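I have placed the structure first, in the form of C-alpha cells, so that the comments after it can refer back to it.
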Amino acid sequence: MGSKVGLTPSATSPMVRELLKRDNYGEWRVWMKNYLLGQDLWDVVVEDQSPSLDIDIAEFKSWRRKSAAALHAIQMSCGPEALSITMEIDSAKIAWDALYNKYRLTTHLDFEEAKSGEIPETKDYVQYARFYKTLQIGNWEVAKEFIKTHPDALSGGIAFSGKTALHAAVEFGHFKIVKELLELMSEEAIEIRDKEGYTALASATSAGTVEIAKWMVKKNKNVVTIATNYNLIPVTLAITYGHFEMAHYLYSVTPLEELMPEKGIHGAALLIQCYYFKIMDIALDLLKYCPRLAITPDNDGFTLVLGLASLPSAFPSGCKLSFWQQWIYDFHPIPSKRLVSNIHNFLGIKKINKMKLVHEQSLALLRIVCEEIETLDDKQMSKGLVYDAIFRAAERGISEFIIESSKANPDLLWSRDNMFRNLFFSAIQFRQAKVFSLIYGLAWKDEAATSLDSSNNNMLHVAGELAPFTELNRISGAALKMQRELQWFKEVESIVPPNMREALNLDNMTPRDVFTENHKELVKEGERWMKETASSCTVVGALIVTIMFAAAFTVPGGNDDSGYPIFLKRKLFMLFMISDAISLFSSSTSVLMFLGILTSRYAEEDFLESLPKKLIIGLSALFLSIATMMMTFCAAMYFTLHGRTWVFILVTLLASIPVTLFILLQFPLLVRIFISTYGPVIFDRGVKRWF
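End of the sequence shown sits at 1208 in the numbering used here; the numbers just go up one at a time, nothing left out.
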C-alpha cells in the first residue's frame, strides 16, 4: 500500500518549537522572526515591494531566491490550517501578512464569539493576493484581466483590512489605475469603507491629490459625507494631513447642511481643525453660516470657544516682536498675493503680514463667537466650555479673548474656578502680565484686588507661589528668574490693600512666608549662578589689571637717557597711555564689583536691584577695559611694526579673535540684565478703562 506524499509538515519543525495553530500565533511569530533574522531573510518579509526586473536583474534574482527561501520556511512551520492559507501564495511578505491578519483577527474574534455565541462570516482573501500585488506594482493590463474573471473584485474588499481595489490603487499612487477603476465601478462601490472606516476618498486625502478627489466626487457626491470610525469626514482628514488645497476643494463640495450640529460632530471637528491649522477662511465661512458650532463639542469634547482661548500665537498679545518687526506690523498693509515680492521675503515682511492676517481673522472669529455668547444662558455656557475657555485665556495670556468675551457677557469676568479664584488670580499664578494689567482698566479694581480663594489666599499669596516652569524657562539665569519673581511680587503688593500684605491664609502663612518657602531653591540657584559668573569674570579682570599695569612701565620704543619715553612727543603715544590707563582703572573697577558680588549676603531682596546693578557695572567696566586694552595693543603694535603695515594688520586681527569671542558670549548677558533691571516694565498701568 503506497503512501501519499504531500507538503503537509510534521508536528514539529527545525525552525520553530511548535507549528502554527489558532492558539499559538503570538509565540510562533516571535520564533519565526528570529529564525528569519538569523538566516538573513527577514528583509524580504518586511520590504514593501520587490526590486524592479528592468533595473537590476541580478538584484531581482537575489531577492526572488531569498523570498522563496523565506516562504518555504514559513510554510514548513505552519500547521494544516495555516498551510492551506499560504499554499497559493508565491511571496513571503504576502504570506506573512496573510497569516498575521488571519490569526490576529481570529484571536480577537474568539473573544467576541465567546461573548455573543455567534460565528462571524469570514471571507477568503487569499484568492486576491496576486491581484493586490498587481495593483501594488501598477500593472493595469494584468489587473484588468483579473477583474474580467473576478468581477466581484470591484465591489468588495480584496484584503484582510477590508480595502477595495480602489483603496489599493490610491494608496500605491497609481492614479491612472484609479481613473480606470472608477470607470468600471458602481456609485455604491465607491462608498465601501475598510475596517477603519476609510473610503477610498478618505485614503486619498493623505496623498493630497485634488484631481483624484474630483474624479471620485464626480462619480458619487455622497462620498464626501462618509466618516471614518474616528468620526472624521474627508475634508477634516485633509486638514489633519496638512493638504490645504485638497481641504478647500472638499469643503466646496461638502453640503453645509451636513456640518450642522443636528447632523453630528462633523462641523465642530472641521471648525476646530481649521482653527488649529490656521485655515481661517474656511473657519470664518463655516462659523458665519452656523455660529452655534462655536459651542458644539468635537470628538474630544473640545469646542471652538476653548480652542480660541488655547492658541496665543493666533492673537497679537501672544506674539513678541522686535522694534523693526513691530513697525512693519503696525504700518505695513497686508498686500495681495500678486504684490508679494522677493524683497518682502528677504526683509521678513511676508512672514509678519501672514501673522497679521491670522490675527485679524482670529479676531473676526472671536467677534462672531462673542455674538453667540451674548445669547447663551448659564447652562449653555457651561456645556459649551465658555467658563473653561476664559480661564484658559487667562492662563495662556490672551487678553483679547478676556476683553471681548467679558463685554459680551459681564458675568464671565466674575467667574471663579474650582479653587474659587478669579481671572486675575490665574493671571498671577501663570505670570501673564498682559492679562493682569487689565485690572488697571477696571472700574472695580479694588474689589478684584481684595478677593480671596477657598484657602483664604489673597492675590499676594498667589504671587508668592513659584511661577510655572514654562514661564521661568523663558528667562536665562537663575538670578534673573529670581528678579522676575520679585518684580511680580512687588507689583501685586502695590495693588492690594496694606492690611492684606500681612494677612494669613488657612496655613497661617503671610504672603512673604509663602514667597520665602516657595523660592528657597531658586535663591540657592541664583546665588550659585551669580558666584560662578562673578568668579569667571574676576579672573579675566585681574588678568587685564596685571597686563595694563605692566604695560604702563614697559612702553614701546623704551626710554631715552633721561628716562623719558622715546615716542613721548607722538600723538599716538598719548592714545597708548590714555587707553592703558582707562583699561587699568575699568578692569580694577570690574574686579571690585565682582568681589562685591562674591561677598554679598544673597538675601531675597538683593536679587531685585542690588546684585543686578553690581553685575551691570562689573560687566560694563570689564567690556570697557577689554576695548581699551585692544586699543593699547594696537598702538603698541604700530610703534613696534612701523613701516610693516600688513604685518600690523594681520597681528591685530589675530589678537582680536579671542577677545571678540569673549565679548560675543558675554555681551548678551549684559543686555538681558540691563533690560530686566532698567528696561520697560512688564506691567502696563496705563491701560484705558475697558469695563
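Yeah, the Cβ is synthetic: ideal placement off N, Cα and C, and Gly gets one too.
No experiment lies behind these values; they were computed from the predicted model shown.
Nearest-angstrom Cα separation, counted from residue j out to residue i
{"i": "Ile1143", "j": "Ile1180", "result": "9 Å"}
{"i": "Pro1032", "j": "Leu1136", "result": "According to the sequence as given, residue 1032 is Phe; it is not Pro. Rounded to the nearest angstrom, the two C-alpha atoms are 30 Å apart."}
{"i": "Asn618", "j": "Pro814", "result": "35 Å"}
{"i": "Arg1062", "j": "Ala1120", "result": "The question names Arg, yet the displayed sequence has Val at residue 1062. Spanning the two alpha carbons is a distance of roughly 31 Å."}
{"i": "Gly901", "j": "Asp894", "result": "11 Å"}
{"i": "Ile1133", "j": "Gly1043", "result": "16 Å"}
{"i": "Ile654", "j": "Lys738", "result": "29 Å"}
{"i": "Ile756", "j": "Tyr766", "result": "11 Å"}
{"i": "Arg539", "j": "Ala800", "result": "51 Å"}
{"i": "Ala785", "j": "Pro597", "result": "52 Å"}
{"i": "Leu828", "j": "Tyr904", "result": "16 Å"}
{"i": "Leu803", "j": "Leu773", "result": "8 Å"}
{"i": "Thr1157", "j": "Leu1115", "result": "40 Å"}
{"i": "Gly673", "j": "Ala764", "result": "28 Å"}
{"i": "Leu1003", "j": "Arg991", "result": "16 Å"}
{"i": "Lys550", "j": "Leu536", "result": "14 Å"}
{"i": "Ile1199", "j": "Ala950", "result": "6 Å"}
{"i": "Thr681", "j": "Ala590", "result": "30 Å"}
{"i": "Ser1173", "j": "Phe832", "result": "45 Å"}
{"i": "Pro1185", "j": "Leu810", "result": "48 Å"}
{"i": "Tyr957", "j": "Arg1029", "result": "23 Å"}
As assigned by DSSP and simplified to three states, the class of residue i
{"i": "Cys1151", "result": "helix"}
{"i": "Leu652", "result": "helix"}
{"i": "Cys595", "result": "strand"}
{"i": "Leu537", "result": "strand"}
{"i": "Gln790", "result": "helix"}
{"i": "Leu902", "result": "coil"}
{"i": "Phe1090", "result": "helix"}
{"i": "Lys837", "result": "coil"}
{"i": "Arg1206", "result": "coil"}
{"i": "Glu877", "result": "helix"}
{"i": "Glu474", "result": "The structure shown does not extend to residue 474, since the chain is modelled only from 518 to 1208, so the question has no answer here."}
{"i": "Met702", "result": "coil"}
{"i": "Trp931", "result": "helix"}
{"i": "Gly690", "result": "coil"}
{"i": "Lys795", "result": "coil"}
{"i": "Gly674", "result": "coil"}
{"i": "Gly1135", "result": "helix"}
Under 7 Å between C-beta atoms of residue i and residue j
{"i": "Phe1111", "j": "Ala1051", "result": "yes"}
{"i": "His783", "j": "Ile729", "result": "no"}
{"i": "Phe472", "j": "Ala925", "result": "Past the edges of the chain, shown from 518 to 1208, lies residue 472, and the structure says nothing about it."}
{"i": "Ala1138", "j": "Ser1103", "result": "yes"}
{"i": "Gln1000", "j": "Ser839", "result": "no"}
{"i": "Ser943", "j": "Glu964", "result": "no"}
{"i": "Ile606", "j": "Ala646", "result": "yes"}
{"i": "Trp545", "j": "Val533", "result": "yes"}
{"i": "Arg945", "j": "Met898", "result": "According to the sequence displayed, residue 945 carries Ile and not Arg. No, the Cβ-Cβ distance between Ile945 and Met898 is not below 7 Å."}
{"i": "Ala717", "j": "His760", "result": "no"}
{"i": "Ile920", "j": "Trp1207", "result": "yes"}
{"i": "Ile845", "j": "Ile866", "result": "yes"}
{"i": "Phe648", "j": "Phe663", "result": "yes"}
{"i": "Thr742", "j": "Glu713", "result": "no"}
{"i": "Ser879", "j": "Ile907", "result": "no"}
{"i": "Tyr758", "j": "Thr726", "result": "no"}
{"i": "Ser993", "j": "Gly1058", "result": "no"}
{"i": "Tyr620", "j": "Tyr542", "result": "yes"}
Assigned exposure category for residue i - 16 Cβ within 10 Å defines buried
{"i": "Lys896", "result": "exposed"}
{"i": "Cys1151", "result": "buried"}
{"i": "Ala609", "result": "buried"}
{"i": "Ser720", "result": "buried"}
{"i": "Leu570", "result": "Legend: pLDDT at Leu570 = 45, less than 50; position of this residue unreliable, no value from coordinates given."}
Continuous alpha helix (DSSP H) stretch holding residue i: start and end
{"i": "Pro1185", "result": "1162-1195"}
{"i": "Lys712", "result": "No alpha helix (DSSP H) contains Lys712, which DSSP labels as neither H nor E."}
{"i": "Tyr1213", "result": "An answer regarding residue 1213 cannot be provided, because it is not within the stretch 518 to 1208 covered by the chain."}
{"i": "Ala755", "result": "751-757"}
{"i": "Trp807", "result": "One detail in the question is off: residue 807 reads as Cys in this sequence, not Trp. Counting along the chain, Cys807 falls outside any alpha helix (DSSP H), and DSSP gives it neither H nor E."}
{"i": "Val643", "result": "No alpha helix (DSSP H) contains Val643, which DSSP labels as neither H nor E."}
{"i": "Pro531", "result": "First-last for Pro531: undefined, no H or E at that position."}
{"i": "Glu728", "result": "727-736"}
{"i": "Thr1050", "result": "1037-1068"}
{"i": "Tyr552", "result": "542-555"}
{"i": "Ala995", "result": "995-1012"}
{"i": "Trp657", "result": "657-666"}
The ligand COA heavy atom lying under 6 Å from the CB of residue i
{"i": "Thr820", "result": "With respect to the ligand COA, the structure shown offers nothing to examine, as it has no ligands at all."}
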